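Asks: In mature numbering (1 follows the signal peptide of the UniProt record, and there is no 0), the protein residues as written are -21 to -1, 1 to 113.
A virtual CB, placed ideally from N, CA and C, is assigned to each residue, including glycine.
Since we're looking at a predicted model, the values are computed, not measured.
Just dropping this structure here.
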């Protein structure tokens, strides 16, 4: 009986350690509309140490943007601008919108990273990024 209790405790400890190591961090690009904040692009999920590692998740999302939110900078695909990636994802016209960086850790609420694009995003009817004229 004592052995089965010890084995159970070991299995619980192993499961807790595995769950702790499986903490996920998501990064997203949002716009603000009259209806509220809308996720327009989700970046790949990254791992963090624990679900309490909020600062690491936020930092990772800020770094994931990489070039300070430059919408005319070349994206990681090496072909399109960051803004064009967002226009392609939106697939509809958009005018004069700043892009805001958010993070989500372990399925919790989206939290603002205090980072936004330096320029506004504008996409025409055909989904092409345009220079915004405010």
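What is the rounded straight-line gap between the Cα of residue 73 and the Cα of residue 35?
Replies: Taking the straight line joining both Cα atoms gives about 32 Å.
Asks: Tell me, to the nearest whole angstrom, how far the beta carbon of residue 65 is from that of residue 78; I am working on the premise that it is less than 8 Å.
Replies: Rounded, the Cβ-Cβ distance is 7 Å, consistent with contact.
Asks: Taking just the CA atoms, how far does residue 61 sit from residue -19?
Replies: Note that residue -19 scores a pLDDT of 38, beneath 50, so its modelled location is shaky; the value from the coordinates is reported in the next line. Between residue -19 and residue 61, the C-alpha separation is close to 58 Å.
Asks: Within 10 Å of its beta-carbon, does residue 83 have 16 or more other beta-carbons around it, so buried, or fewer, so exposed?
Replies: Classification of residue 83: buried, given that the 10 Å Cβ count is 16 or more.
Asks: Go through its chain and collect everything with a Cβ distance to residue 81's Cβ below 7 Å, but skip five positions before and after it.
Replies: Once the five neighbours on either side are set aside, the close Cβ partners of residue 81 are 7, 9, 89, 90, 91, 92.
Asks: Mapping DSSP to helix, strand and coil, what is residue 3?
Replies: Here residue 3 sits in strand by DSSP.
Asks: List the endpoints of the continuous beta strand (DSSP E) containing residue 30.
Replies: That residue, residue 30, is in no beta strand (DSSP E); it is neither H nor E in DSSP.
Asks: Do residue 4 and residue 29 have their CB atoms nearer than 8 Å?
Replies: No, they are not a contact pair.
Asks: Following the continuous beta strand (DSSP E) through residue 94, name the residue where it begins and the one where it ends.
Replies: Run containing residue 94: 90 to 95, per the beta strand (DSSP E) assignment.
Asks: I need the boundaries of the beta strand (DSSP E) containing residue 83, first residue and last residue.
Replies: First-last of the beta strand (DSSP E) with residue 83: 79 to 84.
Asks: Roughly how many whole angstroms lie between the Cα atoms of residue 105 and residue 111?
Replies: So the two alpha carbons sit approximately 15 Å from each other.
Asks: Alpha carbon to alpha carbon, how far is residue 51 from residue 37? Give it in angstroms, no decimals.
Replies: The straight-line gap from Cα to Cα measures roughly 23 Å.
Asks: Applying the 10 Å Cβ sphere with the 16-neighbour rule, what's the burial state of residue 39?
Replies: Flag for residue 39 reads buried.
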